[in-house]
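**Student:** Take this structure, written in structure tokens, and hold onto it; I'll ask about it next.
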Amino acid sequence: MIKLKQFTRTDFKQLINWIDCEEFLIQWSGNVFTYPLHEQQLEKYIESKNTLAFKVIDEETRKVIGHISLGQIDNINKSARIGKVLVGDTKMRGRSIGKHMMKAVLQIAFEELKLHRVTLGVYDFNTSAISCYEKVGFVKEGLLRESKKVGETYWNLWEMSMLEYEWSDKK
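Numbering (UniProt numbering), first residue to last: 1 to 171.
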């Protein structure tokens, strides 16, 4: 269905094209980038030593359809954080691509990197993403109320996590 490959400079333009407004950029990346997204920001992102950034490829068409990262990799505490989850090709949304992306990155986290805990943050209005994350086994840990100001509105952020034994039980 999908496979993950390293996100490189040749992928910058497509990702930049997917991020078409400031609110979407914030929803996708939190505080990491500023709008408009540009190549210099992505250069710094791919050079981070504790982040694995991936493009998502549809195995049938061989086209890049999304992006996902595993960042804040902490080998002492055996933890990391999934971020920048995006099914960029709008025609591919609603086809469980997000679920397959999550499973692929969790396999890397728990089976290759031998991590104990993986976290993520998702804004509370993104109900389809929350549902996807719960289906693969993430648990809500808490709500950071009005934690991000966007324009004149405050957004709430759900913190979610999965532990290695929960991954093993789900497989």
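We treat Cβ as the ideally placed atom computed from N, Cα and C, and that holds for glycine.
(1) Starting from PHE54, trace the alpha helix (DSSP H) both ways and give me its first and last residue.
(2) Among GLY30, GLN14, ILE16, ASN17, which one has its Cα closest to the Cα of TYR154?
(3) Measuring CA to CA, which of ILE82, ILE57, PHE24 is closest to GLN107?
(4) Would the beta-carbon of PHE110 fall within 9 Å of that of GLU146?
(5) Under 6 Å Cβ to Cβ from ILE26, same chain only, skipping five residues before and after it: list those, please.
(6) Let's test the definition: count the other Cβ atoms within 10 Å of the Cβ of THR34 and tell me whether it reaches 16, buried, or not, exposed.
(7) Applying the 10 Å Cβ sphere with the 16-neighbour rule, what's the burial state of PHE7?
**Tutor:** Straight from the coordinates:
(1) Not the alpha helix (DSSP H): PHE54 falls in the beta strand (DSSP E), residues 52-58.
(2) GLY30
(3) ILE82
(4) no
(5) VAL150
(6) exposed
(7) buried
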